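Engineer:
Pasting the structure below:
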């Protein structure tokens, strides 16, 4: 079937079944995550290898106006070599409204922070390994994990750290939804506004500083929500029609993001290094 894109906005547990019902070679955009765990991701990847769709996963943070601007600054040499990536959330998300999460064994990293992990991969490539801990909150005893701390190992030249607290209940004075990237020549700081007062959100913001110059705010043409959602679909359409050379969030690439998510949960389950006597 030509000139059609199938948009699979479905629970991860039924993605394989949906793929089986599509014609071979179809163009398809699949809602993230790519399954509930790495075994699901392997099955989805296997289906795609067997049936040869042009398939992408809807990882859209890469395509947000703020992150496109960050990449543009990097490509212009304004940042230099990246030496520090820090993502910090301290806010109150309305977890009580997401009733489907009550049935999930994995929540925070699989559903939310997967966006940041995918974006970091697009920036720095795959890390060597991960240290992670994801935990409950007493206000939400029925949800498995809604707070996380993650360190990605990119060697001894780049620090990469995520501190993700979705349960700060003491008004908005000290709320944060921030990404900071430091390089050898400059730095950028973004505000991911959708996380603040969700689902209404606030505008995204981006500031940049280079050596010898003050911080300057960059005007953004849109926000992560909803504008970034155009990106994966447009890239898929253009790739399928031969206009784009790269399918940026292909199933093959997204599998590496799912492997990183799996590694985070494995690290969390193993626990910390005991302190010697």
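Residue numbers (the numbering used here): 212 to 488. Ideal Cβ positions, reconstructed from N, Cα and C, are used throughout, including at glycine. Keep in mind that this is a model prediction, so the values were computed, not measured.
Since residue 395 contacts residue 297 with CB under 8 angstroms, what's their CB separation in whole angstroms?
Structural biologist: One-based indexing of the chain shown puts residue 395 at position 184. One-based indexing of the chain shown puts residue 297 at position 86. Contact flag wrong, Cβ pair sits at about 16 angstroms.
Engineer: Please list the segments of the beta strand (DSSP E) lying wholly inside the segment 355-438, counting only runs of 3 or more residues, in order along the chain.
Structural biologist: 358-364, 370-376, 387-394, 397-402, 416-421
Engineer: Should residue 426 go down as buried or exposed, given a rule of 16 or more other Cβ atoms within 10 Å for buried?
Structural biologist: Translated into positions along the chain shown, residue 426 becomes position 215. By the 10 Å Cβ count, residue 426 comes out exposed.
Engineer: What's the C-alpha gap between residue 238 and residue 463?
Structural biologist: Residue mapping note: residue 238 aligns to position 27 of the chain shown, counting from 1. Residue mapping note: residue 463 aligns to position 252 of the chain shown, counting from 1. Near 15 angstroms, if we compare the C-alpha coordinates of residue 463 and residue 238.
Engineer: Only counting runs of 3 or more residues, tell me where the beta strand (DSSP E) segments fall wholly within the segment 292-356, in order along the chain.
Structural biologist: 293-301, 340-346
Engineer: Where does residue 214 sit, in a helix, a strand or coil, going by DSSP?
Structural biologist: The count along the chain shown starts at 1 and reaches residue 214 at position 3. Coil, per DSSP.
Engineer: Go to residue 268, then tell me how far its beta strand (DSSP E) extends in each direction, as first and last residue.
Structural biologist: Residue mapping note: residue 268 aligns to position 57 of the chain shown, counting from 1. Under the DSSP assignment, residue 268 falls in the beta strand (DSSP E) whose first and last residues are 265-268.
Engineer: Once DSSP output is grouped into helix, strand and coil, what is the label at residue 275?
Structural biologist: Numbered from its first residue, the chain shown carries residue 275 at position 64. DSSP places residue 275 in coil when its eight states are reduced to three.
Engineer: Contact check, residue 342 vs residue 362 under 8 angstroms by CB: the rounded distance?
Structural biologist: As a position in the chain shown, residue 342 is number 131, starting the count at 1. As a position in the chain shown, residue 362 is number 151, starting the count at 1. Between residue 362 and residue 342 the Cβ distance is about 4 angstroms, and since that is below 8 angstroms, they are a contact.
Engineer: With distance defined between alpha-carbon atoms, name the residue in 295, 303, 384 nearest to residue 335.
Structural biologist: Within the chain shown, residue 335 is the residue found at index 124, counting from 1. When each option's Cα is compared against that of residue 335, the closest is 295.
Engineer: Reducing DSSP to helix, strand and coil, say where residue 465 ends up.
Structural biologist: Working through the chain shown from its first residue, we reach residue 465 at position 254. Note: residue 465 maps to helix in three-state DSSP.
Engineer: Can you round the beta-carbon distance between residue 289 and residue 419 to whole angstroms, since I take them to be within the 8 angstroms contact cut?
Structural biologist: Within the chain shown, residue 289 is the residue found at index 78, counting from 1. Within the chain shown, residue 419 is the residue found at index 208, counting from 1. Confirmed, about 7 angstroms.
Engineer: Would residue 447 and residue 284 be called neighbours here (beta carbons separated by less than 7 angstroms)?
Structural biologist: For the purposes of this step, residue 447 is identified with residue 236 of the chain shown, where counting begins at 1. For the purposes of this step, residue 284 is identified with residue 73 of the chain shown, where counting begins at 1. Cβ distance not < 7 angstroms, so residue 447 and residue 284 don't count as in contact.
Engineer: Which two residues bound the contiguous alpha helix (DSSP H) that contains residue 229?
Structural biologist: The sequence position of residue 229 within the chain shown is 18, counting from 1. Unbroken alpha helix (DSSP H) run through residue 229: 226-231.
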